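S.K.: For reference, the structure I am asking about is given below.
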Amino acid sequence: MESLLFLILLVFWIPVWAVRRELAFRHSPAYWRRFGAVVLAPSALQARGDSIGTYMGAPIFRDLRFHGCDYDFERIAPADERDLVEGGELFLEPGLLYRMRSERSCVVPASERQFG
């Protein structure tokens, strides 16, 4: 009976562990370096640098911070490139493409660190 209880707990614990691990990975800088990001609203950004112009009514920031990583403005991108974002890139609506500075530019506050 005890082995059956152990098996049931194990079967339920493995998916919970896997989900927690995936969520922790998605909050890490390694995730954004590997997959890139699409940001729909500037309010999702943690910090914004000086505005260097506008594009379609939206300000172009010289640099910005998202999930603890610093990005620099690279170029204006067509809207169809939104789904083609590569690792280390950030696409900000309406079509601004930013590139991650370096791996060292990512700082995750201790309050956001999660380990599964």
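Per our numbering, the very first residue in the sequence shown carries number 375; after that it's consecutive. By construction, the Cβ of each residue, glycine as well, lies at the ideal position given by its N, Cα and C atoms. Remember, predicted model here, so these are calculated numbers, not experimental data.
1. Note down, in chain order, each residue of its chain lying with its Cβ closer than 8 Å to the Cβ of Glu-455, except the 5 sequence neighbours on either side.
2. Quick check on the burial criterion: 16 or more other C-beta atoms within 10 angstroms. Buried or exposed for Ala-418?
3. Please list the segments of the beta strand (DSSP E) lying wholly inside the stretch 443-482, counting only runs of 3 or more residues, in order along the chain.
4. Expressed to the nearest angstrom, what Euclidean distance is found between the alpha-carbon atoms of Met-430 and Tyr-445?
5. Might you give, ordered along the chain, the residues of its own chain that have their beta carbon closer than 6 Å to the beta carbon of Glu-467, omitting 5 neighbours on each side?
M.R.: Reading it off the structure:
1. Sequence index remark: in the sequence shown, residue 455 carries index 81 (1-based). Excluding positions up to five away in sequence, the list reads Phe-465, Gly-469, Leu-471.
2. Looking up residue 418 in the sequence shown gives position 44. Ala-418 should be labelled exposed.
3. 443-450, 463-466, 470-474
4. Within the sequence shown, the letter at position 56 stands for residue 430. Within the sequence shown, the letter at position 71 stands for residue 445. Approximately 21 Å between the Cα atoms of the pair.
5. For the purposes of this step, residue 467 is identified with residue 93 of the sequence shown, where counting begins at 1. Leu-414.
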